[in-house]
Amino acid sequence: MIIQRRDFLKTIAVSSTGVLLSDYASADTTTKPEYTSAVGNKFNADGSVKSFAGNTIICHVPQQGEHAGYFGSLLDVYREAQTFDFMRKITLLPPSSYHMTVFEGANQKDRTPGLWPEGVPLDAAMEVCDQIVLDKLRTFKLDCELPFRMKIDPTQLTTFKSAATLKLVPLDDAENAKIRTVRARLSKHLGISAPGQETYGFHTTLGYQIRRFDTEEAKAFEIEWKRWVNDIAQKSPIIYLGAPEYCTFKDMYAFNRQTFLT
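Residues 1 to 262 (the UniProt record's numbering) make up the sequence shown, in order.
Listed below in structure tokens is the structure:
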């Protein structure tokens with residue numbers, strides 16, 4: 001989940017290595033501020049997490065068992081990333097928060113029709129919205145085979161604004177149809193129809209950039225990011241994700257499961 005949803009759903013051009021240099025390397029110009037748009041929204045200027053409440057439907061990355069290989073690969077990056085100077089400008093998320101978003105829910109700031117669940121007053125407390133969405137989901141049937149099978153596509157990598165984000169794609173056409181059908185059914189069931197929802201990219205976010213890189217930092221980050229992504233793709237050619245979870249959150253550090261979708 002990244003910045004305001006309208007920004008997140010926009011298609012963003014990427015470099016051949018999958019790093020958005022236009023977002024990261026900006027300290028040498030006068031056209032962009034020192035801090036990214038993550039500051040003031042989900043994070044403070046010192047990199048600490050800021051209150052940003054909402055709900056979402058995600059698949060947490062399995063940390064144990066036969067499908068935990070992807071988590072192990074991400075954890076390797078988490079350990080190594082902290083040794084680089086450029087990481088002082090990125091806030092890494094706790095590994096326990098790693099997930100793939102299946103369907104964007106509601107958040108405390110985007111209170112407009114389409115982004116807010118149908119039938120929930122726009123001025124309702126976030127906790128009230130959370131409960132209404134939970135009640136609606138009790139009658140939703142997943143009606144598909146699990147696990148979801150995803151992969152990292154090194155030729156189509158992307159990072160969204162102010163984040164270190166791994167783009168995931170379904171393993172094949174059948175998986176793509178399966179997960180997008182679930183998303184379309186959730187949209188109808190919950191009455192949430194955000195612009196661009198049909199093409200919303202699957203991803204795992206590892207961290208949010210707080211301050212923009214200078215040119216040298218951007219180059220260094222690009223080199224390491226490409227290496228990390230290639231390593232993850234080799235170690236985890238197939239990413240297995242279990243039943244989607246309806247979660248609530250107070251900030252970007254933790255997503256608290258309320259129920260599984262079955």
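Idealized CB from N, CA, C, for every residue including glycine. Quantities reported herein were computed from a predicted structural model and do not represent experimental measurements.
Spatial distance of residue i from residue j (CA atoms)
| i | j | result |
| --- | --- | --- |
| T259 | K50 | 25 Å |
| V182 | E216 | 43 Å |
| N230 | G69 | 15 Å |
| W228 | T205 | 14 Å |
| P154 | Y98 | 19 Å |
| P244 | M100 | 9 Å |
| Y200 | T165 | 14 Å |
Exposed unless 16 or more other CB atoms sit within 10 angstroms - verdict on residue i
| i | result |
| --- | --- |
| G207 | buried |
| L74 | buried |
| L115 | buried |
| S236 | buried |
| A177 | exposed |
Range covered by the beta strand (DSSP E) that runs through residue i
| i | result |
| --- | --- |
| R149 | F148 to I152 |
| V102 | H99 to N107 |
| Q197 | It is not in any beta strand (DSSP E) - Q197 carries neither H nor E in the DSSP assignment. |
| G114 | Counting along the chain, G114 falls outside any beta strand (DSSP E), and DSSP gives it neither H nor E. |
Simplified DSSP state of residue i, which is helix, strand or coil
| i | result |
| --- | --- |
| V229 | helix |
| A164 | strand |
| A53 | coil |
| Q64 | coil |
| K250 | strand |
| V120 | coil |
| L74 | helix |
| E245 | strand |
| F140 | coil |
| P237 | coil |
Limits of the alpha helix (DSSP H) - the one that residue i falls within
| i | result |
| --- | --- |
| E175 | D173 to L190 |
| F84 | No alpha helix (DSSP H) holds F84; DSSP gives it neither H nor E. |
| L137 | M126 to L137 |
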